[in-house]
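Novice:
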Amino acid sequence: MIAAEGRLLRVAAFDLTRKLAEINWFLVILISALAGIGALSLYSAAGTFAPYAKPQLIRFAAGFALMLAIALTDIRHIARLAWPLYFVSLVMLALVLRFGSVGLGAERWLSFGGFAVQPSELMKPALVLALAHWFHRASWERVGNPAFLVPPVLAILAPVALILKEPNLGTAVIVLAVGASVLFVAGARLWLFGLAATLLGVAAPIAYTHLHDYQKARILTFLDPSRDPLGSGYNILQSKIALGSGGLWGQGFLHASQGSLDFLPEKQTDFIFTLFAEQFGFVGSLALLVLIALIVFTAIAIGLASRHQFGRLTAFGLGVNFFLYAFVNVAMVMGVIPVGGVPLPLVSYGGSALLTTMMGFGVLLSVQVHRDVEFLPQRQEI
Amino acid sequence: MRRERKRLSVFTRRALVAALGQASLFGMLGFRLYRMQVIDGARYATLAVDNRVSARLVAPPRGEIHDRYDTLLAGNKPHWRALLMVEKTKDASASLAAFSRLIPLDPAERQRIAHAIMVHQPFIPVLLRDYLSWEEMARLAVNAPALPGILVDVGTTRFYPFGPDFAHLVGYVGPPVPGQLAGTPVLNLPGMRVGKSGVELQQNQPLTGQPGLVRLEVNALGRVIRDLSHDPGQPGETVRLHVDAGLQQLMATRLATEQSASAVVLDLGSGAVMAMGSTPSFDPTLFDTGVPARQWKEWVTNQRAPLLDKAGAGLYAPGSTFKPVVALAGLTSGAITPGTHFFCPGYLELGNHRFWCWNHGGHGSLDVTSAICQSCDVFFYHTALATGIDRIAAMARRLGIGAPPPIDLPGFDPGFVPTREWRAGQGKPWTLGDTVIQGIGQGFVQATPFTLALMAARVATGRVISPRVAAAVGAETIAHPPAPDLGVPEPYLALVRQGMREVVNNPLGTAYASRLPDSNMEMAGKTGTAQVFDGPQNEDTAQLPWKFRPNALFIAFAPFAAPRYALSVVVEHGNEGADAAAPIARDLMEAVLARDPASRSVAPGSVPGDPRS
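Take a look at the structure:
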């Protein structure tokens, strides 16, 4: 106990250079490697640096600086920002429905003086932080009280409803799953999940009737891609052909016949994994999957190593968020789950997603750097 | 702290469970990846190649059709069409406006073009105007700098230099009909044409050639990235015909003096069809470029049937031109002998019916030769009665009437000769009266100008002549075996030939007026005047409405001493064979003898219309 006290004091006092040394550089290398693969794939998507790879690398550099800055910020300051950030994101989500610009049929972007933000991207880390903050002060018994769970459940459902309305089914499902996973590790009783699953099972058929036609089409073509090989099923079919034709060792860098001949739709965004897999084959894509898995498990390990609940839940939530994004994207291009505008984090082209992802990693690193700080709930409930 | 420990242990346990779940999902992705890329990789790779490579067939140029002296009868003519490449212009409507200032577009065309621009990818050319005239093409070419994105492209049209003159014989081409598409992908090519009639149809296969194959790398939108391989294919073979274009032209000109007529000229040495025509005719080029509705309506409603090849498919009662058949049937069956005489009082009485001779005054006593010469009907009434219809029918078929036409052209009618059996099949008894009128080629018997020429050729040679139109396909000459013997005793044939000689050369003969001017060359022939309806005979038929007038027919061969050519001429409703058909036959015979290669060697180029002159 005394040793711990001393360590807490020591950590509380450490300066920026000491903090830098504390950063989990292994994770930073993993992140950079993934971003490097992203740049490589974007280069191959165009055959030149110009349209995708170069701006993406510049954004990554900016995101990298942002990540380090956040990593060095005291986690307790970040925690104080959790709910404000959440509400700002929620308001932005509401605004995007009213004023957002249309991209690919869905209203997802907000423009601030030439800088486009995707509020749903921002909402994911914000929700994780808000939930972590809520449960930071909750004991096991407290979490057992269903009434205590009403505010966080509403906090999850509000953005999910807004994102569904955009409409962006994929992101909504991810946000819901991230929120649920945080509830799960925070100690929400298992029967609640059983109940939620049952309700969802009942609600899904009703919800299906309210889906947009293109969303229904996605689900139907997912169930049978050959139903409409030149329409909605085209993307999945072409993606599978390109991916499969990569074989064991791949076609070789810049030798992606399907990708370079435009058979592959949206190859620089949603289908970047396919482009990579066609060029580098099973060996290359498996390596990419392992890299993503390492980042996810490092995040969970950071959570496990945190001495305060806020850090645990934040690290875990961010890890799950990253995992879900990567998983949904890869499973989607393989034709395992329906297509739905979900990019591959750090690899797909897109500034908003890259910046929010790097912010998330910044928070994760901050949790890791500040894993031992004395961070007691304002109201003692433990 | 106990509470904190509980919270931590719940978090740790559940985080590890979640991590396990994530790990298994990663495992699933990895396994799926393995299945797609390693196990099914080859299959997907094949699909990828299919995606990437587009094999396109290239229409081969259609083979030409030449006459015996290699004069072009059917060829391919480039035609120009204006296209708009939308992606090559900044402002498609400005280019279009500039285009329409040079070549006016009507509102319907504008609408079609606007629609095409809207629905097609910008790299797909939009057709502005097909079949540009040379002048329009030149106007566009000169103004090219002011027409960004507009280009002039070359297609091919089937071209028939002689137009209507060869329309029935050479035939015409058109787009394939759906039934013809089965199993022949080349026919699906745009602009592909198939033979629809005549030589174009008969020789369609060698004329078509082998399609080329171009393998192109294309992207998902179908834009061509590059050529992977290029096989130009095999152009269609040139088909050379026995026909003499100069003679055919002369025939067309000569037939055109009548309202509706047809003729066939055969070479007796080789069986070659020297000329074969039918008038009125039509412009075969229209079937490729599109027949205007009004023109089509005119063709199908015209009583003179311009679309029908009357030489091969026009059915006529042969009339007196049938008499050589009856004579040979009688002689070979023994029903009559060379010495048989019949007395003609101007009619034959059978039961209570009187069958008139054309000469009501009567011919007196005649043998077979003079009966042919004077075309005495009564003589042949008697001969037919003595011979019987079945033996006449057998002889007619042996001479080419009523038997499958031995010719390398489609759509030829065999004609028809009746038999007792056929009549019984109709539930009617054969009567002697029926036999009587078959004797003068009236009644049920029907022949085409081709079968009449064939009959004349077989009578002239005593051989089973089988006419041929095509002489060579590409470098390969079509073998034509020598005609076998007809099996009709030569003395009988000689009698009939003598009779036919006298028709033209005896002052008593029915076609004495149409004898050849060159006294060294004798033409043998037979006139025919066939009733087309059962009207009162011996009326002045020239006063009847056109379609009720008798058909005028004439068959001939020459020179009599050593026959080299046979022909037939049928003038529909021409009234008298001797007046309408025989003069045409004489002119044709004179021309073909003058153009004979034997005489050509003496004075090449001295013949009018000679392609070598």
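Taken in order, these protein sequences are the chains called G and Y. Just so we're aligned: the first sequence equals residues 1452 to 1833 in my numbering. Just so we're aligned: the second sequence equals residues 9 to 621 in my numbering. Ideal Cβ positions, reconstructed from N, Cα and C, are used throughout, including at glycine.
Please look up how many angstroms separate the CB atoms of residue 559(Y) and residue 578(Y), rounded, as I've assumed it's under 8 Å.
Specialist: By one-based count along the second sequence, residue 559(Y) stands at place 551. By one-based count along the second sequence, residue 578(Y) stands at place 570. Between residue 578(Y) and residue 559(Y) the Cβ distance is about 6 Å, and since that is below 8 Å, they are a contact.
Novice: Grab me the residues of residue 85(Y)'s own chain with a C-beta within less than 6 Å of its C-beta, minus the 5 sequence neighbours each way, in chain order.
Specialist: Start at 1 with the first residue of the second sequence, and residue 85(Y) comes out as number 77. Here the set comprises 165, 167.
Novice: Hey, would you say residue 1579(G) sits closer than 8 Å to residue 1586(G), going by beta carbons?
Specialist: Taking the first sequence and counting its residues from 1, one reaches residue 1579(G) at position 128. Taking the first sequence and counting its residues from 1, one reaches residue 1586(G) at position 135. No. Outside cutoff.
Novice: Answer with yes or no whether the minimum CB distance from residue 39(Y) to chain G is below 8 Å.
Specialist: Counting from 1 along the second sequence, the entry for residue 39(Y) is found at position 31. So, not an interface residue.
Novice: Which residue from 210(Y), 240(Y), 205(Y) puts its Cα closest to that of residue 222(Y)?
Specialist: The sequence position of residue 222(Y) within the second sequence is 214, counting from 1. Of the candidates 210(Y), 240(Y), 205(Y), the one whose C-alpha sits nearest the C-alpha of residue 222(Y) is 240(Y).
Novice: Closer than 8 Å between beta carbons: that is the criterion. Which residues of the region 1770 to 1781 of chain G meet it against chain Y?
Specialist: Under the 8 Å Cβ criterion, the region 1770 to 1781 of chain G contributes 1771, 1774, 1778, 1781.
Novice: Does the beta-carbon distance from residue 1771(G) to residue 1526(G) come in below 8 Å?
Specialist: Translated into the one-based positions of the first sequence, residue 1771(G) becomes position 320. Translated into the one-based positions of the first sequence, residue 1526(G) becomes position 75. Their beta carbons are not under 8 Å apart, which means residue 1771(G) does not touch residue 1526(G) by this criterion.
Novice: Just checking residue 164(Y) against the ligand GDP - is the residue's beta carbon closer than 7 Å to any of the ligand's heavy atoms?
Specialist: Annotation note on the ligand GDP: not contained in the displayed structure, which lists no ligands.
Novice: May I ask you to report which of helix, strand or coil DSSP gives residue 424(Y)?
Specialist: Position 416 of the second sequence, counted from the start, is the residue given in the question as residue 424(Y). Strand, per DSSP.
Novice: Taking 8 Å as the cut-off, does the region 374 to 383 of chain Y touch the region 432 to 447 of chain Y (at least 3 CB pairs, one atom from each stretch)?
Specialist: No contact exists between the region 432 to 447 of chain Y and the region 374 to 383 of chain Y.
Novice: Listing by chain order, which chain G residues have their CB less than 9 Å from the CB of residue 46(Y)?
Specialist: Position 38 of the second sequence, counted from the first residue, corresponds to residue 46(Y). Chain G residues near residue 46(Y): 1698, 1699, 1732, 1733.
Novice: By the criterion of Cβ-Cβ separation under 9 Å, what are the contact partners of residue 216(Y) in chain G?
Specialist: By 1-based counting over the second sequence, the position of residue 216(Y) is 208. Per Cβ cutoff of 9 Å: no residues; residue 216(Y) is ~33 Å from chain G at best.
Novice: Does the structure place the region 403 to 416 of chain Y close enough to the region 347 to 364 of chain Y that three or more beta carbon pairs sit under 8 Å?
Specialist: Flag = no, the region 347 to 364 of chain Y and the region 403 to 416 of chain Y do not touch.
Novice: Apply the 10 Å Cβ neighbour rule to residue 88(Y) and answer buried if 16 or more other Cβ atoms are within range, or exposed otherwise.
Specialist: Taking the first residue of the second sequence as 1, we reach residue 88(Y) at position 80. Residue 88(Y) is buried by the Cβ-count criterion.
Novice: Pull up the distance between the alpha-carbon of residue 1422(G) and that of residue 1482(G), whole angstroms please.
Specialist: Here chain G covers residues 1452 to 1833 and nothing more, so residue 1422(G) does not appear.
Novice: Given that residue 18(Y) touches chain G, what residues does it touch there, using C-beta distances under 9 Å?
Specialist: For the purposes of this step, residue 18(Y) is taken as the residue at position 10 of the second sequence. Residues of chain G passing the Cβ test: 1591, 1594, 1636, 1637, 1638.
Novice: Kindly say whether residue 1492(G), judged by its beta-carbon, lies nearer than 8 Å to any beta-carbon of chain Y.
Specialist: Taking the first residue of the first sequence as position 1, residue 1492(G) is located at position 41. No, no contact with chain Y.
Novice: Suppose you measure from the CA of residue 1634(G) to the CA of residue 1765(G); what does that come to, to the nearest Å?
Specialist: For the purposes of this step, residue 1634(G) is taken as residue 183 along the first sequence, with counting starting at 1. For the purposes of this step, residue 1765(G) is taken as residue 314 along the first sequence, with counting starting at 1. Cα-Cα distance, rounded: 11 Å.
Novice: Return no unless some Cβ of chain Y is closer than 8 Å to the Cβ of residue 1676(G).
Specialist: As a position in the first sequence, residue 1676(G) is number 225, starting the count at 1. Interpretation of residue 1676(G) is limited by its pLDDT of 49, a score under 50 that renders its predicted location unreliable; the figure taken from the coordinates is listed afterwards. No, residue 1676(G) lies away from the interface with chain Y (no Cβ there is under 8 Å from its Cβ).
Novice: I need the boundaries of the alpha helix (DSSP H) containing residue 364(Y), first residue and last residue.
Specialist: Stepping through the second sequence from its first residue, residue 364(Y) is reached at position 356. Careful: residue 364(Y) lies outside any alpha helix (DSSP H), inside the beta strand (DSSP E) at 361 to 364.
Novice: Any beta carbon of chain Y sitting closer than 8 Å to that of residue 1477(G)?
Specialist: Reading the first sequence from its first residue, position 26 is the one you call residue 1477(G). Taking Cβ atoms only, chain Y never reaches closer than 8 Å to residue 1477(G), which makes this a no.
Novice: Would you kindly work out how many angstroms separate the C-alpha atoms of residue 261(Y) and residue 597(Y), rounded to a whole number?
Specialist: As a working note, residue 261(Y) is residue 253 in the second sequence. As a working note, residue 597(Y) is residue 589 in the second sequence. Using only the alpha carbons, I get a separation of about 14 Å.
Novice: DSSP state of residue 39(Y), grouped into three classes?
Specialist: Against the second sequence, residue 39(Y) aligns to sequence position 31. Helix at residue 39(Y).
Novice: Can you name the residues of chain Y whose CB is closer than 9 Å to the CB of residue 1751(G)?
Specialist: Position 300 of the first sequence, counted from the first residue, corresponds to residue 1751(G). Going along chain Y in sequence order, the residues near residue 1751(G) (Cβ under 9 Å) are 23, 24, 26, 27, 30.
Novice: So, for residue 80(Y): in the same chain, excluding its five sequence neighbours on each side, which residues have a beta-carbon less than 7 Å away from its beta-carbon?
Specialist: In the second sequence, residue 80(Y) corresponds to position 72, counting from 1. Answer for residue 80(Y): 72, 74, 169, listed in chain order.
Novice: Among 281(Y), 183(Y), 508(Y), 413(Y), which one has its Cα closest to the Cα of residue 573(Y)?
Specialist: As a position in the second sequence, residue 573(Y) is number 565, starting the count at 1. Of 281(Y), 183(Y), 508(Y), 413(Y), the residue nearest in Cα terms is 281(Y).
Novice: Roughly how many angstroms separate the alpha carbons of residue 1558(G) and residue 1658(G), rounded to a whole number?
Specialist: Within the first sequence, the letter at position 107 stands for residue 1558(G). Within the first sequence, the letter at position 207 stands for residue 1658(G). With a pLDDT of 44 at residue 1558(G), under the threshold of 50, the predicted position of this residue should be treated as unreliable, though the coordinate-derived value follows. Going from the Cα of residue 1558(G) to the Cα of residue 1658(G) covers about 20 Å.
Novice: Going by beta carbon distance, what residues of the same chain come within less than 7 Å of residue 617(Y), once the five residues before and after it are set aside?
Specialist: Along the second sequence, read from residue 1 onward, the residue named residue 617(Y) stands at position 609. Its pLDDT being 43, under 50, residue 617(Y) is placed unreliably by the model, and the measurement read from it follows with that caveat. Answer for residue 617(Y): 254, 257, 258, listed in chain order.
Novice: Please classify residue 1498(G) as buried or exposed, where buried requires at least 16 neighbouring CB atoms within 10 angstroms.
Specialist: Position 47 of the first sequence holds residue 1498(G). Looking at its Cβ environment, which holds fewer than 16 other Cβ atoms inside 10 Å, residue 1498(G) is exposed.
Novice: Count the other CB atoms, across all protein chains shown, that sit within 10 Å of the CB of residue 458(Y); report buried if there are 16 or more and exposed otherwise.
Specialist: By 1-based counting over the second sequence, the position of residue 458(Y) is 450. Label assigned to residue 458(Y): buried.
Novice: Tell me where the alpha helix (DSSP H) around residue 1663(G) begins and ends.
Specialist: Counting from 1 along the first sequence, the entry for residue 1663(G) is found at position 212. Careful: residue 1663(G) lies outside any alpha helix (DSSP H) and carries neither H nor E.
Novice: Mind pulling the chain Y residues with CB within less than 7 Å of residue 1692(G)?
Specialist: Along the first sequence, read from residue 1 onward, the residue named residue 1692(G) stands at position 241. Simply 52, 55, 56, 59.
Novice: Measure from the C-beta of residue 1760(G) to each C-beta in chain Y and report whether the shortest distance is under 8 Å.
Specialist: Reading the first sequence from its first residue, position 309 is the one you call residue 1760(G). So, interface residue.
Novice: In whole angstroms, what separates the C-alpha of residue 1814(G) from that of residue 1520(G)?
Specialist: Along the first sequence, one-based indexing puts residue 1814(G) at 363. Along the first sequence, one-based indexing puts residue 1520(G) at 69. Answer to the nearest angstrom: the Cα atoms are 9 Å apart.
Novice: Taking only the alpha-carbon atoms, compute the straight-line gap between residue 1600(G) and residue 1643(G) and give it to the nearest angstrom.
Specialist: Taking the first residue of the first sequence as 1, we reach residue 1600(G) at position 149. Taking the first residue of the first sequence as 1, we reach residue 1643(G) at position 192. The straight-line gap from Cα to Cα measures roughly 10 Å.
Novice: What residue from 1485(G), 1604(G), 1489(G), 1761(G) has the CA that sits closest to residue 1823(G)'s CA?
Specialist: Here the question's residue 1823(G) lines up with position 372 in the first sequence. Looking at the Cα atoms, 1761(G) is the closest of the given residues.
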